[in-house]
Every structure is written in C-alpha cells, then in structure tokens.
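Presented below is the structure to which this report refers.
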Amino acid sequence: HDRMQLEVMRGCRRRCRFCQAGVVYRPNRERSVEKLISLVKRLYENTGYDEVSLISLSSGDHSRIMQIISSLKDVFKDKGISISLPSLRAEDLVTRFPLEITTGRRTTLTFAPEVGSEKMRKIINKDISLKALKECAYQAFKNGWRRIKLYFMIGLPQEDHSDLDAIVNLAKEISDVKIKIDGRSAKINASVSVFVPKPHTQFERAAMLPIEEIKKRQRYIREKSIGSKVKFSFHDARMCYIEAVLSRGNRRSCACIYNAWKMGCKFDGWSDHFNYDVWMTAFKEAGVEPDYYASREHGLEEVLPWEFIEVK
176 HDRMQLEVMR
186 GCRRRCRFCQ
196 AGVVYRPNRE
206 RSVEKLISLV
216 KRLYENTGYD
226 EVSLISLSSG
236 DHSRIMQIIS
246 SLKDVFKDKG
256 ISISLPSLRA
266 EDLVTRFPLE
276 ITTGRRTTLT
286 FAPEVGSEKM
296 RKIINKDISL
306 KALKECAYQA
316 FKNGWRRIKL
326 YFMIGLPQED
336 HSDLDAIVNL
346 AKEISDVKIK
356 IDGRSAKINA
366 SVSVFVPKPH
376 TQFERAAMLP
386 IEEIKKRQRY
396 IREKSIGSKV
406 KFSFHDARMC
416 YIEAVLSRGN
426 RRSCACIYNA
436 WKMGCKFDGW
446 SDHFNYDVWM
456 TAFKEAGVEP
466 DYYASREHGL
476 EEVLPWEFIE
486 VK
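As numbered in the numbering used here, residues 176 to 487 make up the sequence shown, in order.
Pasting the structure below:
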C-alpha cells in the first residue's frame with residue numbers, strides 16, 4: 176500500500192548463504208540521522224502519507240536506529256504517523272524496539288525466519304531465536320498489533336518434508352501465542368518464496384527443484400495448514416524457474432531475452448503479465464535448454480559464466 180519509503184542503509188552484515196543482495200551491496204553504508212530526517216520531511220510534504228517504512232536489508236542493524244526512531248517520533252508528533260520496520264530480527268524487537276514503535280497505528284510486523292527447522296537454519300546460516308520470535312509475537316499482540324507476516328523459503332538444498340512440516344508448525348505456534356492473551360489464535364500471513372540459486376552466493380552451484388516438485392511442496396504446506404488461522408501464499412514456481420535460468424545464464428541469454436521481448440514480454444515481473452509459454456518459445460528459438468542453467472548442479476570444476484565479475 177501507499178507509504179513513505181526511507182532507505183536507512185545499504186548492505187547487510189548478515190551472511191545468509193542464499194542471499195545475493197548481501198554480497199553485491201557490500202560494504203555496509205549508513206545514512207546519517209540528519210539526512211534521514213531531512214528526507215522524511217520532504218517525503219511527508221510531497222506525499223501526505225501516514226506511514227513511513229524504514230527499509231534496508233536489515234534496518235535493525237543501523238548503528239543509530241534508536242535515535243532515528245526517536246527523531247521520527249518527534250518530527251511526526253501529534254500527526255498520527257506510523258513507523259514500520261520491515262523484516263526485523265525478533266530479538267531486536269523484544270529487547271530494543273517495543274516501546275519505540277508503539278506510536279501511531281499498529282501496522283503489520285514482519286519477520287523472515289525463512290525456514291522452520293534447526294537443520295535448515297544451520298544450512299542457510301540464519302541465526303535466529305525462536306524463543307525471541309514467540310516472545311515478540313506475544314508482546315506485539317498484547318500491545319495491540321493484529322497482524323504478523325512471516326517470510327519463508329522452500330526448495331533449499333537438503334530440504335525434506337520434515338522441514339516443510341517445521342514451517343507450518345512454526346507459523347501455527349506464532350498464531351497460537353495470542354491464545355494466552357484473549358483465548359483466540361491470531362491471523363498470520365505467511366509468504367513462501369522459492370529458492371533460486373544466485374551468482375556470488377554460497378549456493379550458486381546448487382540445482383533448483385523442478386517446477387512440479389515445487390508445486391507439490393506448495394500443495395503439501397497448504398494442506399498441512401488447513402484448519403489453522405495461517406494463510407500461506409506462494410510464489411509462482413514457473414516464474415521462479417525463468418528467474419533461475421536468467422540468473423545463471425551466460426551470453427546466450429541475451430538472445431532469449433530479446434526473443435521474449437519481441438513476442439511481447441515487457442512487464443513479466445508482474446504475475447498478470449507473465450507468460451511462461453512465450454518464454455519457453457524464446458528459449459527454444461535461441462537454442463537454449465533452460466534446464467541446463469536452472470535445474471542442474473554445477474560442478475566444482477566448472478567455470479561459471481560470472482566468475483570474471485569481482486564482488487567485494
């Protein structure tokens with residue numbers, strides 16, 4: 176929805192093994208509090224929106240985030256402006272932010288546990304505290320928040336059905352935290368993306384799951400969540416497949432993209448414009464086998480198309 180978007184920093188000191196942004200946006204760069212306040216005043220004057228979102232890969236890691244929030248509260252005092260911090264680390268919200276972001280409307284709190292099992296957390300190097308996440312949910316519901324959104328990812332290396340069960344169970348546990356407050360479970364929105372291997376990440380050589388297997392796992396999660404107050408939404412497996420082909424493609428991908436454009440593909444990042452069949456035709460006309468790029472594990476001895484690009 177419409178709101179002010181304020182980028183507080185660029186880069187991320189976390190090292191999730193699937194994340195390309197954390198690599199290519201190095202090093203960490205923080206905007207000063209003074210610059211941010213100047214920007215947000217202009218945004219408010221030009222838009223009139225009643226919510227400001229402090230965006231970055233990990234906004235809670237800004238060294239002066241508490242001062243930013245406090246300054247924003249002073250700027251928007253008596254204006255009813257809400258401050259949101261998307262995709263926070265739960266332990267940060269529990270220990271640092273709860274009293275600072277309770278002004279204005281209670282917006283949706285968003286967390287990205289990504290996976291549900293301890294095994295998968297170790298595999299992707301996602302260091303989160305489930306205890307802190309549940310405590311955060313409890314405090315949020317207790318202080319008037321009605322919604323929590325969770326982000327998960329499926330199709331990661333070494334994932335099995337027990338890991339899918341763990342995703343559903345974690346979402347249900349967060350929903351049931353509210354029972355301690357008013358005897359009712361909370362409505363939880365859970366968005367489930369698909370693992371797409373990306374260059375310059377530690378999983379750059381991993382294979383993406385076949386489309387039908389992804390759909391099968393999506394159905395499994397949906398069926399497991401029946402009867403709960405958790406609403407799962409899923410990324411289009413076919414769109415993710417095209418993303419994987421282009422992400423790990425080489426110079427031959429140029430012809431594929433050009434062919435697709437000639438056949439009308441212009442806004443395919445939007446689901447209502449995406450046409451999978453046209454893309455497959457574009458690959459065929461360019462003589463490209465998409466599975467070679469997306470669904471195949473690249474060997475350690477194999478020279479990767481992007482190795483000549485240096486990222487620090």
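Every residue, glycine too, gets a C-beta built ideally from N, C-alpha and C.
In this text, all values refer to a predicted model and were calculated from it rather than measured experimentally.
Assign T285 to one of three DSSP states: helix, strand, or coil. Stepping through the sequence shown from its first residue, residue 285 is reached at position 110. In the structure shown, T285 sits in a strand (DSSP, three-state: E or B).
Reducing DSSP to helix, strand and coil, say where E464 ends up. Within the sequence shown, numbered from 1, the residue matching residue 464 stands at position 289. It is coil, neither helix nor strand.
For K373, report the span of its alpha helix (DSSP H) as first-last. By one-based count along the sequence shown, residue 373 stands at place 198. Where K373 is concerned, there is no enclosing alpha helix (DSSP H), given that its DSSP letter is neither H nor E.
Under a Cβ-count criterion, where at least 16 other Cβ atoms within 10 Å of its own Cβ denotes burial, should D335 be classed as buried or exposed? Locating residue 335 in the sequence shown gives position 160, counting from the first residue. The residue is exposed, with fewer than 16 neighbouring Cβ atoms inside 10 Å.
Straight-line CA distance for W481 to V371? Counting from one through the sequence shown, the residue named residue 481 turns up at place 306. Counting from one through the sequence shown, the residue named residue 371 turns up at place 196. W481 and V371: Cα-Cα distance of roughly 16 Å.
With a threshold of 7 Å on Cβ separation, who are the neighbours of K301 within its own chain once the five nearest residues in sequence on each side are excluded? Your numbering for residue 301 matches position 126 in the sequence shown. Excluding positions up to five away in sequence, the list reads C191, E289 and V290.
N- and C-terminal bounds of the alpha helix (DSSP H) containing Y200: Indexing the sequence shown from 1 puts residue 200 at position 25. Looking at the DSSP string, Y200 is not in any alpha helix (DSSP H), and its letter there is neither H nor E.
When you compare only the Cα positions, how much space is there between R217 and V183? Stepping through the sequence shown from its first residue, residue 217 is reached at position 42. Stepping through the sequence shown from its first residue, residue 183 is reached at position 8. Distance between the alpha carbons of R217 and V183 is about 15 Å.
Best match in C194, P202, R189 and E226 for proximity to R178 [C-alpha to C-alpha]: Translated into positions along the sequence shown, residue 178 becomes position 3. Per the Cα distances, E226.
So, using beta-carbon positions, are L232 and Y200 closer together than 8 Å? Here residue 232 refers to the residue found at position 57 when the sequence shown is read from its first residue. Here residue 200 refers to the residue found at position 25 when the sequence shown is read from its first residue. Closer than 8 Å, so yes.
Need the endpoints of the alpha helix (DSSP H) that E482 sits in, please. Locating residue 482 in the sequence shown gives position 307, where the first residue counts as 1. That residue, E482, is in no alpha helix (DSSP H); it is neither H nor E in DSSP.
Secondary structure, alpha helix (DSSP H): runs of 4+ residues fully inside the region 411 to 443: 412 to 422 and 428 to 437
Candidates I401, C311 and Q393, of which the one nearest S408 by Cα: As a working mapping, residue 408 is identified with position 233 in the sequence shown. It is Q393.
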